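With the numbering used here as the guide, the letters of the sequence shown map in order to residues -2 to 149. In this text, a Cβ means the ideal position worked out from N, Cα and C, and glycines have one as well. These numbers were taken from a predicted model, which means no experiment stands behind them.
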Amino acid sequence: MSPLNQALITRKIQQVTEDLKKLTPYSRLTPAQYLSDDQSQLIVERLLERLIGRIIDINFHLLKEVFDDLPQDYYQSFKKMAQHQVLDQSLAQDLAPAAATRNILAHQYDEVDPRQIYQAMKKAVTLIPRYLSQIQKKIASPIQEPRTGGVS
């Protein structure tokens, strides 16, 4: 296992915080305002893609370097963060679907539905601060892998 790269995590947290500040004013738009403004939709889509990508980066770094546990996909990274008690179960469950949103935005798998993106934005502005808080608490104290069986 490699050591935790504290500088990487701190930088990602700062980037997420900055993008969250940029996203927040758009979350105050009504659905009608958002849906009628193509420029706002483009900005929100890009900010969400960046935000979700960065929190997934944090997940993967912590899981690999601290727990030597690489998830199969982005969705599973949130589930594994809860398994390792880095995130609480309910938050991980609420954030996991963001992986699909990120994939849709990054790869244009399907036509982007602006109503779904609006809902994803509303969730992001409440869930991501909780995520950051839990990550910061965990990296402030030593993260230890739970013991699995055996005699000490």
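Of all alpha-carbon atoms in 16, 7, 41 and 4, the one lying nearest the alpha-carbon of residue 116 is that of 41. Following the DSSP letters along the chain, one finds residue 34 in no alpha helix (DSSP H), marked with neither H nor E. Taking C-beta atoms as the reference points, residue 76 and residue 67 fail to come closer than 9 angstroms.
For residue 100, the enclosing alpha helix (DSSP H) covers residues 95 to 104. The three-state secondary structure of residue 68, taken from DSSP, is coil.
Residue burial is scored here from C-beta neighbours: residue 16 has at least 16 other C-beta atoms within 10 angstroms and is therefore classed as buried.
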